Structure formats: C-alpha cells, structure tokens
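Participant:
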Ligand code: FES
C-alpha cells in the first residue's frame, strides 16, 4: 500500500536520490518534512515529485538557485497541483526551448564543421575557410547560431 507519509529511507529508495542529498535539498528549503515524537523525519508523498523535478532540472544543467526560485512559487501547506507545476514550467519554457534547440543543433551538426577553429574536418575548408568564424565569436560559433 502507498503510504501518505514516507521516511527519509523510503524517499531515497523511491526517488533514487541519496539520503544525504535529500537532507541537502531540505537544508536548501527545496523540500520539507515534519518530525515525529522520536525526532524522525516524515515526508509527504508529493516530495517525490519535487525530487523528480529537481533531478530533471539538474540533468538539464538548470542551477539549483533557479529551482529554488521556482519552488518558492509552490504552495507550502498543500501538495502542488497541475496549475502550480504549469506555472513553473512556463517560467522555464524559454530556457528549456533554447536548450532543446541547442541540443538538436549539436546532434545534427556534430558530423559537420561547427566553426570551433580546429580546421580538422574536411568540411572546415568549405564552411570555415581560414577560420573566418573567429570573426563572429568564440567557441563553436556555428552551434551557437
Ligand atoms: S569543426 Fe572546428 S573549425 Fe570546423
């Protein structure tokens, strides 16, 4: 049976997040728990969704500070609903779209010249003769466009 409240061990087991990380996120105020009479932490089940979003954000390279700012919009006293989460995702949408299109460019162009200045690919002489891309910026100029 799915319990309404979970111990830190159950949270760690179900979320795949280490107990030490659960404590760390709690210290950052990203998640909250209550204490039992025996001073044990008990988490509401919605903590699992918060941890899933934190992990996804981290895998995407979204700084914890941005997650903290977003989570501050979530209600404290009740489990966040669809509208609450949509408010967060709409705030992240532009950033996520930019990351998605950058990942797509990387996927689609890794076999091509990316304008990084290496001039090591046969296509570099066609697309980046004499490293003319250096005039347009630093790094993989063609990936940034
Ligand atoms: S891939 Fe580096 S300059 Fe073309």
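Residue numbers (our numbering): 4 to 148. Note that beta-carbon positions come from the ideal geometry of N, C-alpha and C, so glycine has one too. In this text, all values refer to a predicted model and were calculated from it rather than measured experimentally.
1. Would you call residue 123 buried or exposed, if buried means 16 or more other Cβ atoms sit within 10 Å of its Cβ?
2. CA-CA distance, residue 90 and residue 97?
3. In chain order, what residues place their C-beta within less than 7 Å of a heavy atom belonging to ligand 1?
4. Which two residues bound the contiguous alpha helix (DSSP H) that contains residue 97?
5. In chain order, what residues of the same chain lie with their CB nearer than 7 Å to the CB of residue 43, ignoring the 5 residues before and after it?
6. Where does residue 132 fall in DSSP's three states?
7. In the DSSP output, which residue or residues are listed as bridge partners for residue 8?
8. With 16 as the cutoff for other CB atoms within 10 Å, does residue 109 come out buried or exposed?
Facilitator: According to the structure data:
1. In the chain shown, counting from the first residue as 1, residue 123 sits at position 120. Residue 123 should be labelled exposed.
2. Along the chain shown, one-based indexing puts residue 90 at 87. Along the chain shown, one-based indexing puts residue 97 at 94. Approximately 13 Å, taken between the alpha carbons.
3. 116, 117, 118, 119, 120, 121, 122, 123, 124, 126, 127, 130, 131, 134 and 136
4. Counting from one through the chain shown, the residue named residue 97 turns up at place 94. Note, residue 97: alpha helix (DSSP H), 85-112.
5. Taking the first residue of the chain shown as 1, we reach residue 43 at position 40. 10, listed in sequence order.
6. Along the chain shown, read from residue 1 onward, the residue named residue 132 stands at position 129. In the three-state reduction of the DSSP assignment, residue 132 falls in the helix class, which pools H, G and I.
7. Mapped onto the chain shown, residue 8 falls at position 5. Answer is 47, bridged to residue 8.
8. Locating residue 109 in the chain shown gives position 106, where the first residue counts as 1. Per the 10 Å Cβ criterion, exposed.
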